[in-house]
Amino acid sequence: MLWRSVVGKLWFTFLLLVTVVLTILMVMLLRSFEKFHIQEAESQLVHHANMIANIYDGYTDQDEALMRIGQYTELLEINIILVNQGKKVMDKVEPGSWNLPLEVFYQNERLSQVFEGQSVVIEEGKFMLDDSNYTAPELMVAGVPLRTNEVDNSAVFLYQSLDVIEETSRETKGIIYLSAGIAIVLTTIFAFFLSTRITAPLRRMREAALELARGKFESKIPIVSHDEIGLLGMAFNRMARDLNVSMTELNQEKEQLSRILISMADGVITFNRQGEVMITNPPAERFLESWLYEDGVINQEMTPVELNNLFQKVVAGEKEQQLEMNIQGRSWAILMTPLYDADQIRGAVAVIRDMTEERQHDKLRKDFIANVSHELRTPISMLQGYSEAIIDDIAESHEEKKELARIIYDESLRMGRLVNELLDIARMEAGYVDLQKDEMDIHTFIQKVVRKFNGLAKDEEISLNLETIADLPTGYFDPDRIEQVLTNLIHNALRHTPKGGRVTVKVNRDENYFLFDVDDNGSGIAEQDLPYVFERFYKADKARTRAKGGTGLGLAIAKNIIDSHKGEITVRSKLNEGTCFSFKLPII
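Numbering-wise, UniProt numbering puts 564 at position 564 of the sequence shown, and it's gapless, one number per residue.
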């Protein structure tokens, strides 16, 4: 609305001020002009009355005097009554004017003083006769006594209606009102012009402020003057520049904080005072998704009950709290600390770390000595027992001694293999892998490896098959190491596949890798053991593996060899349905 705008307020203020001033001036001018017109009319009547009296007194001949008076008053629009010795000698009445009887002058207290030798002027008066209903309108009357003789009752009376004065006043009022109207119109135009000049920069500032609110900090206000509004515009532009710098720095800090949170390996969850989740990073989101999946929670905005309880402890105790949870087979360590706003707690922040690998490594470190001791105890015991049998001459015949020596020799070989494998995997894990890479024809290489197991497969009554594609390019890898990997995988497949089963070796390729698969329909691996099959000494069935001569290091060595070739090895298996080990090697 106009009244709510600065333009409207300024216009109304200017118009009200000018109207008040003009009203006061008009009242004063109207009163002044009205008084001036009355005084001017009075002065004219008195002047003309004196002139007529002088003309009449200046002639001895009454007729000649009256003629001269008639000539003088011919153009004057005034009424004249000339009384000489109580009798009218001249009575001039303008058309449409009121004719006053002589008795009016005698009965009026003030006019009667003229006959006594005094000049009288009545500005506004109504005249009436005492013995009749005669009433004259308001008139201005001037009376001057004649001095031709000393006889009283001789005077000149001039009178005129006040309508003439009022007409002159009306014309003056019209001029004043017209001037006031013109002044108000000019004031309105000036007020709008001035208001527009004043408010135009303010409107631009408003538009620029809205642009700032939308984030467009490059908006500037043109400076067209150096007054207070110009200084305000300069201050606004400076504020916009400073705000742009501050917002840029704030956005940079926010982006940096966001990148830090996204790049963190640990999960971070920020809670407000009510325990609602405010900020999370990808690891924390994965943790929450795992918890929701395990507990079957549909509402994605809920937080784990354990976290809520931990949050309540942190807020109540105002100190950090720790918690460890197992979700989806993984171990999560949670550290939650309070967040302060000045002296009050405004929430809490939780750091969530996936401790699964650490816990597995701790367990492997603890089990390593036990596993090594377990693997070495049997051959050492057998070496000790059979050597004591020889020393104590328990074996009497040469054949028995030779049999004991053979057992001792086999166990020493087994210990040597175990020690060599331990040293080999230790060097690989330390990064000391000496690869002798060479260009190899994949078809020739894989046929050579599979051919070694044809006799064993035939003896075990297992079908060993090879499937390859025709357009395999030349590979570049260490043939001895890759043969070691394939030997381990095929041998494991043959050992764990019953008679009448099958083992299939497949070689394929994609855009960047050779793809090797060793697939069998044997006993398979339990689901809970799949994540750990490439760990050292890990055995899904220790009794079965030991009976078949395994040490639990073959797959760990195979994984290190594939990793050193910048490849990847995986396993898929279902219990009592079969197992498929797959690995891929870069083509170049």
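C-beta: ideal position from N, C-alpha, C; glycine also.
Approximately 7 Å separates the beta-carbon atoms of residue 484 and residue 561; this is inside 8 Å, confirming the contact. If you look at residue 271, you'll find it in the beta strand (DSSP E) that goes 267 to 272. The count of Cβ pairs closer than 8 Å, one atom from the segment 561 to 575 and one from the segment 495 to 506, stays below three, leaving the stretches out of contact. A direct Cα-Cα distance of roughly 11 Å separates residue 574 from residue 520.
Secondary structure at residue 30: helix, using DSSP grouped into helix, strand and coil. Residue state for residue 588 is assigned as coil, using DSSP reduced to three classes. One alpha carbon belongs to residue 94, the other to residue 85, and they sit about 24 Å apart. With a contact defined as Cβ atoms closer than 8 Å, residue 156 and residue 82 qualify at about 5 Å.
A contact between stretches requires three or more CB pairs, one per stretch, nearer than 8 Å, and the segment 187 to 206 meets this requirement with the segment 5 to 23. At least 7 Å separates the beta-carbon of residue 324 from that of residue 316.
One alpha carbon belongs to residue 344, the other to residue 580, and they sit about 59 Å apart.
With contacts defined by Cβ atoms closer than 7 Å, residue 196 and residue 14 do not form a contacting pair.
Residue range 79 to 84 is occupied by the beta strand (DSSP E) that includes residue 84.
CA-CA distance, residue 65 to residue 71, rounds to 10 Å. In the displayed model, residue 108 falls within coil according to three-state DSSP, outside both helix and strand. Here DSSP, grouped into helix, strand and coil, assigns residue 350 to strand.
For residue 59, no alpha helix (DSSP H) run applies, since DSSP gives it neither H nor E. Under the three-state reduction of DSSP output, residue 321 falls in the strand class. Closest option to residue 515, judged by alpha-carbon separation, among 587, 552, 478: 587. When C-beta atoms of the segment 195 to 212 are compared with those of the segment 24 to 41, fewer than three pairs fall below 8 Å, so the two segments do not count as touching.
A buried status is given to residue 348, since no fewer than 16 other beta-carbon atoms sit within 10 Å of its beta-carbon. The C-alpha of residue 487 lies about 24 Å from the C-alpha of residue 512. In this structure, residue 503 sits near residue 462, with a CB-CB distance shorter than 7 Å. Ranking 577, 480, 522, 240 by CA distance to the CA of residue 558 puts 480 first.
Secondary structure of residue 137 (DSSP, three-state): strand. Between residue 489 and the set 137, 424, 271, 453, the nearest pair of CA atoms involves 453.
7 Å or more divides the Cβ of residue 110 from the Cβ of residue 121. Contact check for residue 262 and residue 281: beta-carbon distance about 6 Å, within the 8 Å limit, so the pair qualifies. For secondary structure counted as the alpha helix (DSSP H) over 4 or more consecutive residues, the segment 407 to 490 holds these complete runs in sequence order: 442 to 451, 454 to 459.
Only exposed fits residue 254, as fewer than 16 other CB atoms lie within 10 angstroms of its CB.
Judged by DSSP secondary structure, residue 251 falls within the alpha helix (DSSP H) whose first and last residues are 228 to 263. The straight-line gap separating the alpha-carbon atoms of residue 419 and residue 477 is approximately 26 Å. In the three-state reduction of the DSSP assignment, residue 295 falls in the helix class, which pools H, G and I. Scanning its chain for C-beta atoms nearer than 7 Å, with the 5 sequence neighbours on each side dropped, one finds around residue 523 the residues 496, 576, in chain order. In the three-state scheme derived from DSSP, where H, G and I count as helix and E and B as strand, residue 73 is classed as coil. A Cβ-Cβ contact shorter than 7 Å links residue 158 with residue 49.
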